[in-house]
């Protein structure tokens, strides 16, 4: 079946612009995660949804970052007033509703470059 | 707090030789451990996981990993490397005491040459 998809795959923004990154999880997956992967580093957790509820946003680096999943499927990560330090690959992952032993399945990521 | 260490930035191996990519972890409770592989310009691809039970876990593409509780390690292994195994490998841990997110190591580049 179809995996996790993300769009756009690449985004170039001028500093100060707002961006919106989209994630389409695997159909039927209840849990959805966003991670940020800086160059040469491992992914770092940003936020977690179970259905439409955002249960954990402890990893969001500032109030410029906002995520939503209004209907419990597609999710959008929005970054306001982008800064150069926001340049990274943003990864989305989804998992079935089986609890903490779930495997998270990742999308291809969106590479954001802020000039 | 939970953490993962991958002590080697890069591992070089000749095709046909066994490979090992090292991972150690630190958690407060029972660890759930994962290995992912990342190819250039692609997302992370799941290889295998340890939840409970047999310490030797078998996964995709001939990879396996051995959970060692006393050494807090979860090394990734393959008996015979292929050139196509060349990629970036990430070890990750989930400690449910801290939530459902994965905590990743910094990654290890594997280079397999013919």
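Protein chains in written order, with my numbering: chain A, 472 to 586; chain B, -19 to 94. Each residue gets a CB set at the ideal place from its N, CA and C atoms; glycine is no exception. Values in this document were obtained by computation on a predicted structure and should not be read as measured data.
**Asked** When Cβ atoms are compared, which residues of the stretch 18 to 31 of chain B fall closer than 7 Å to chain A?
**Response** So the close ones are 22, 23, 24, 26, 29 and 31.
**Message:** Between the alpha carbons of residue 86/B and residue 499/A, how many angstroms are there, rounded?
**Reply:** One-based indexing of the second chain puts residue 86/B at position 106. One-based indexing of the first chain puts residue 499/A at position 28. Answer to the nearest angstrom: the Cα atoms are 31 Å apart.
**Prompt:** Per DSSP, residue 3/B forms a beta bridge with which residues?
**Reply:** Counting from one through the second chain, the residue named residue 3/B turns up at place 23. Answer is none; residue 3/B lacks a bridge partner.
**Request:** Name, in chain order, the residues that DSSP records as bridge partners for residue 537/A.
**Result:** Residue 537/A sits at position 66 when you count from the first residue of the first chain. BP columns for residue 537/A point to 549/A.
**Request:** Look at the alpha carbon of residue 505/A and the alpha carbon of residue -4/B, and state the distance between them as a whole number of angstroms.
**Result:** Numbered from its first residue, the first chain carries residue 505/A at position 34. Numbered from its first residue, the second chain carries residue -4/B at position 16. Looking at the two C-alpha atoms, the distance is approximately 37 Å.
**Request:** Grab me the residues of residue 539/A's own chain with a C-beta within less than 6 Å of its C-beta, minus the 5 sequence neighbours each way, in chain order.
**Result:** Here residue 539/A refers to the residue found at position 68 when the first chain is read from its first residue. In the same chain as residue 539/A, and ignoring 5 residues on each side of it, the C-beta atoms closer than 6 Å to its own belong to 547, in chain order.
**Message:** On a Cα-Cα basis, can you pick out the residue from 560/A, 557/A, 562/A and 502/A that is closest to residue 542/A?
**Reply:** As a first step, residue 542/A must be located in the first chain, where it is residue number 71. Taking only the C-alpha atoms, the option nearest residue 542/A is 502/A.
**Request:** Return helix, strand or coil for residue 524/A, following the three-state DSSP convention.
**Result:** By one-based count along the first chain, residue 524/A stands at place 53. If DSSP states are grouped into helix, strand and coil, residue 524/A belongs with the strands.
**Request:** Please list, in chain order, all residues of the same chain as residue 496/A whose beta carbon is under 6 Å from its beta carbon, the five residues on each side excluded.
**Result:** Taking the first residue of the first chain as 1, we reach residue 496/A at position 25. Result list for residue 496/A: 475, 503 and 565, in chain order.
**Asked** Name the chain A residues that come within less than 9 Å of residue 82/B, Cβ to Cβ?
**Response** Mapped onto the second chain, residue 82/B falls at position 102. Under the 9 Å cutoff, chain A gives 504, 506, 514, 516, 564 and 575.
**Asked** Whose C-beta lies closer than 7 Å to the C-beta of residue 574/A among residues of the same chain, with five residues either side of it excluded?
**Response** As a position in the first chain, residue 574/A is number 103, starting the count at 1. Counting only Cβ-Cβ distances below 7 Å, and skipping sequence neighbours, we find 566.
**Asked** For residue 2/B, which of -16/B, 76/B and 56/B has the nearest alpha-carbon?
**Response** For this step, residue 2/B is matched to residue 22 along the second chain. Measuring from the Cα of residue 2/B, the nearest candidate turns out to be 56/B.
**Asked** For residue 88/B versus residue -14/B, is the C-beta distance shorter than 7 Å?
**Response** As a first step, residue 88/B is located in the second chain; it is residue number 108 there, counting from the start. As a first step, residue -14/B is located in the second chain; it is residue number 6 there, counting from the start. Contact flag set, yes.
**residue -5/B - partner residues in DSSP beta bridges** = Translated into the one-based positions of the second chain, residue -5/B becomes position 15. None, per the DSSP bridge assignment.
**Under 7 Å by beta carbon: chain B residues contacting residue 578/A** = Within the first chain, residue 578/A is the residue found at index 107, counting from 1. Here the neighbours are 23.
**Message:** Just checking: is the beta-carbon of residue 572/A within a distance shorter than 7 Å of some beta-carbon in chain B?
**Reply:** Here residue 572/A corresponds to residue number 101 of the first chain, with the count starting at 1. True, the Cβ-Cβ gap to chain B drops below 7 Å.
**Message:** Using the three-state DSSP reduction, which class does residue 40/B fall into: helix, strand or coil?
**Reply:** Counting from one through the second chain, the residue named residue 40/B turns up at place 60. In the structure shown, residue 40/B sits in a helix (DSSP, three-state: H, G or I).
**Asked** Which residues share a DSSP beta bridge with residue 78/B?
**Response** On the second chain, residue 78/B is found 98 positions in, with the first residue counted as 1. Residue 78/B pairs with nothing; no bridge assigned.
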